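*Asks:* Below is a structure I'd like to ask you about.
Now the structure itself:
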């Protein structure tokens, strides 16, 4: 079951269907942002998605999904292919630079919903690519 939820989540991400992504999450999802603060709840997740959509245009490829035997945890490894659209606070100036960055996410699941999202990528590699 968890793998199907993760497949839907990432499919929605690539189609820029934030409502579909939110549908995969529990109401009290905990989102650990790479190099950022923990966000709790769908509203905070939606705010994060709006910010990301304004600053970045990303598509995930080379997706490999992993699932724990009991279905309560999962992980994904993928390549982020993006365009830096609008300058994000504290980061280099955006000039429609492209980037390609390996990344991974970890998930906890309960009752068919994602309860925890943790995403990691190499920020210094991204900064080198867009600078």
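Numbering (full-length UniProt numbering), first residue to last: 1 to 131.
Using N, Cα and C, we set each Cβ at its ideal position, and we do this for glycine too.
Here the structure is a predicted model, which is why all the values come from computation and not from measurement.
1. Using a threshold of 8 Å, state whether the C-beta atoms of residue 60 and residue 45 are closer than that.
2. What runs of the alpha helix (DSSP H), each 4 residues or longer, lie entirely inside the stretch 19 to 73?
3. At the level of alpha carbons, what is the spacing between residue 42 and residue 58?
4. Roughly how many whole angstroms lie between the Cα atoms of residue 32 and residue 64?
5. Could you tell me how far apart the beta carbons of residue 113 and residue 25 are, in whole angstroms, since I believe they sit closer than 8 Å?
6. For residue 98 and residue 18, I'd like the C-alpha separation in whole angstroms.
7. From 55, 106, 121, pick the residue whose C-alpha is nearest to that of residue 84; which is it?
8. Are there 16 or more other CB atoms within 10 angstroms of the CB of residue 110, so buried, or fewer, so exposed?
9. Roughly how many whole angstroms lie between the Cα atoms of residue 40 and residue 117?
*Replies:* Taking the coordinates as given:
1. no
2. Taking only runs of at least 4 residues, the alpha helix (DSSP H) segments lying wholly in the stretch 19 to 73 are 42 to 55.
3. 21 Å
4. 20 Å
5. 6 Å
6. 22 Å
7. 55
8. exposed
9. Using only the alpha carbons, I get a separation of about 10 Å.
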